[in-house]
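*Asks:* If you count the sequence shown from 1, you need to add 1 to reach this note's numbering. Pasting a structure below so you can have a look.
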Amino acid sequence: MTPALELHDVAMRRGDAMLWSGLDVTVQAGEFVAVLGPNGVGKSTLVRAILGQLPLAAGQLRVLGKVPPSANEQIGYLPQRRSFDPGLRIRGLDIVRLGLEGSRWGFPLPWRRNFSARARAAEERVREVVELVDATAYAHRPVGQLSGGEQQRLLIAQALVSRPRLLLLDEPLDSLDLPNQASVAALISRVCHADDVAVVMVAHDVNPILSYLDQVIYLARQGAAAGSALEVITSVTLSRLYGTPIEVLHTSDGRLVVVGEPEPPHHHSNRHQH
Numbered sequence: 002m003t004p005a006l007e008l009h010d011v012a013m014r015r016g017d018a019m020l021w022s023g024l025d026v027t028v029q030a031g032e033f034v035a036v037l038g039p040n041g042v043g044k045s046t047l048v049r050a051i052l053g054q055l056p057l058a059a060g061q062l063r064v065l066g067k068v069p070p071s072a073n074e075q076i077g078y079l080p081q082r083r084s085f086d087p088g089l090r091i092r093g094l095d096i097v098r099l100g101l102e103g104s105r106w107g108f109p110l111p112w113r114r115n116f117s118a119r120a121r122a123a124e125e126r127v128r129e130v131v132e133l134v135d136a137t138a139y140a141h142r143p144v145g146q147l148s149g150g151e152q153q154r155l156l157i158a159q160a161l162v163s164r165p166r167l168l169l170l171d172e173p174l175d176s177l178d179l180p181n182q183a184s185v186a187a188l189i190s191r192v193c194h195a196d197d198v199a200v201v202m203v204a205h206d207v208n209p210i211l212s213y214l215d216q217v218i219y220l221a222r223q224g225a226a227a228g229s230a231l232e233v234i235t236s237v238t239l240s241r242l243y244g245t246p247i248e249v250l251h252t253s254d255g256r257l258v259v260v261g262e263p264e265p266p267h268h269h270s271n272r273h274q275h
C-alpha cells in the first residue's frame with residue numbers, strides 16, 4: 002500500500018530562521034504518530050506543510066503518494082481547539098455534518114433532503130461516525146452546552162465523516178482534563194487501528210498517548226528525529242536535538258519526564274495565536 006506520509010530530509014523555515022531540518026519518516030496506514038517538541042519549534046508548521054499551505058525549505062514530502070495539496074480530499078484535519086460560545090445553538094450533529102457539507106453553498110430544502118439518496122447516505126454516515134466516537138447521547142444538544150471533552154469528540158467525528166485515509170490532529174488534548182485526555186486518546190487509537198486510518202497528532206505532552214503510539218516525530222532547533230518512543234525520547238537523542246544536556250526519566254507508573262528542557266522563545270509563548 003502507498004504510505005500515508007513520506008518525508009525525506011525535510012526542513013522548514015519561518016522567515017529567515019530555520020525551524021528544524023533533517024526529518025526522515027514514513028507513516029503507514031493504521032499508524033498512530035505523535036509530533037512532539039518545545040513550543041514555537043514548528044510542530045503546527047509541519048501540519049501546514051502536509052496540507053500544502055507552506056513550502057518546504059528542503060527535502061521531499063509525499064502525502065498518500067502525491068505532492069501536497071493534491072491529496073487534501075483524503076485528509077481529515079482538526080486544527081488547534083477553539084471553545085464554542087456557550088450560547089451557540091447549533092447541534093452537535095450539525096457540527097459533524099459540516100465535515101461533509103461545509104464547502105457547499107446554501108441550505109438543503111427539507112422536502113428534497115428526504116428524497117435524495119445522496120442526502121440519506123450523508124445522514125447515515127453522520128449517524129455512524131457520531132456512534133463511532135460515542136457521542137450519540139448528546140449529539141442532538143446545542144454544542145455550546147456540551148463539555149470540552151464532548152465537543153472534542155464531535156470535532157473528531159467531523160474530521161472522520163468524509164472517510165479520510167490520513168487524520169491530522171493539532172493538539173486535540175489541549176485544555177482537556179486528565180480523564181478526558183485519556184478517553185479521547187483511547188478513542189483516537191481505536192479509530193486509527195479499526196479503520197486503518199493513519200493519524201498524525203501534534204501533542205504538548207506525550208504521556209496521555211504514549212501507550213498507543215507507533216512512532217514519534219521530535220522536532221527541535223538542532224534538527225529532528227523519528228522512530229519509536231523508546232528510540233527517540235532518550236537522554237542521548239534529546240541532548241543532541243537541543244544541543245544541551247537533557248535527561249529523560251521513567252517514573253514507576255510508566256510516564257516520561259524530560260529534565261533540562263530549555264524554555265521556549267518568548268515570542269512564541271502563546272501557541273494558540275497565528
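We treat Cβ as the ideally placed atom computed from N, Cα and C, and that holds for glycine. These figures come from a predicted structure and were not determined experimentally.
Check A288 in the structure and name its three-state DSSP category.
*Replies:* Because the chain here runs from 2 to 275, residue 288 falls outside it and cannot be looked at.
*Asks:* I'd like to know whether the C-beta atoms of P143 and L89 end up nearer to each other than 9 Å.
*Replies:* Against a cut-off of 9 Å, the Cβ pair of L89 and P143 comes out as a contact.
*Asks:* DSSP on R14, reduced to helix/strand/coil?
*Replies:* Looking at R14 - three-state DSSP - the assignment turns out to be strand.
*Asks:* By Cβ distance, which residues of its chain are closer than 8 Å to P80, with the 5 residues on each side in sequence left out?
*Replies:* Here the set comprises D171.
*Asks:* Helix, strand or coil: how does DSSP classify S45 here?
*Replies:* In this structure, S45 counts as helix in the three-state DSSP scheme.
*Asks:* Would you be able to state if there are at least three C-beta pairs under 8 Å between the region 214-224 and the region 239-259?
*Replies:* As far as the Cβ criterion goes, the region 239-259 touches the region 214-224, which means the pair count is three or higher.
*Asks:* Excluding five sequence neighbours on each side, which residues of the same chain lie with their C-beta closer than 7 Å to the C-beta of L20?
*Replies:* Answer for L20: M13, R14, V42, G43 and T46, listed in chain order.
*Asks:* Could you give the distance in angstroms between the alpha-carbon of V1 and the alpha-carbon of V64?
*Replies:* Because residue 1 is not part of the residues shown, which for the chain are 2 to 275, the question remains open.
*Asks:* Taking the runs of the beta strand (DSSP E) that are 3 residues or longer, which of them lie wholly in the region 66-96?
*Replies:* Listed in chain order, they are 76-79.
*Asks:* For P266, is the classification buried or exposed, using 16 other Cβ atoms within 10 angstroms of its Cβ as the cut-off for buried?
*Replies:* Here P266 scores only 45 on pLDDT, less than 50, and its place in the model should not be relied on; the value that follows carries that caveat. With fewer than 16 other Cβ atoms within 10 Å, it is exposed.
*Asks:* What do you get for I189, buried or exposed, if any count of 16 or more other CB atoms within 10 angstroms of its CB means buried?
*Replies:* I189 comes out buried.
*Asks:* Please state the DSSP three-state secondary structure of R63.
*Replies:* Strand at R63.
*Asks:* Can you list, in chain order, the residues of its chain with a C-beta nearer than 6 Å to that of L24? Leave out the 5 residues immediately preceding and following it.
*Replies:* The answer, listed in chain order, is L8, V11 and A225.
*Asks:* Per DSSP, what are the beta-bridge partners of M2 in this structure?
*Replies:* DSSP lists no partner for M2.
*Asks:* From what residue to what residue does the beta strand (DSSP E) around L220 run?
*Replies:* It spans Q216 to A221 - the beta strand (DSSP E) in which L220 sits, taken as one unbroken run.
*Asks:* Could you tell me the distance, in whole angstroms, from the CA atom of G149 to the CA atom of S84?
*Replies:* Rounded to whole angstroms, G149 to S84 spans 8 Å at the Cα level.
*Asks:* If Q182 sits next to P87, beta carbons under 8 Å apart, how far is it from one beta carbon to the other, in whole angstroms?
*Replies:* In fact, because the Cβ distance is near 22 Å, the residues do not count as touching under 8 Å.
*Asks:* Any contact of the region 127-144 with the region 156-165, i.e. 3+ C-beta pairs under 8 Å?
*Replies:* Yes: the two stretches touch, three or more of their Cβ pairs being nearer than 8 Å.
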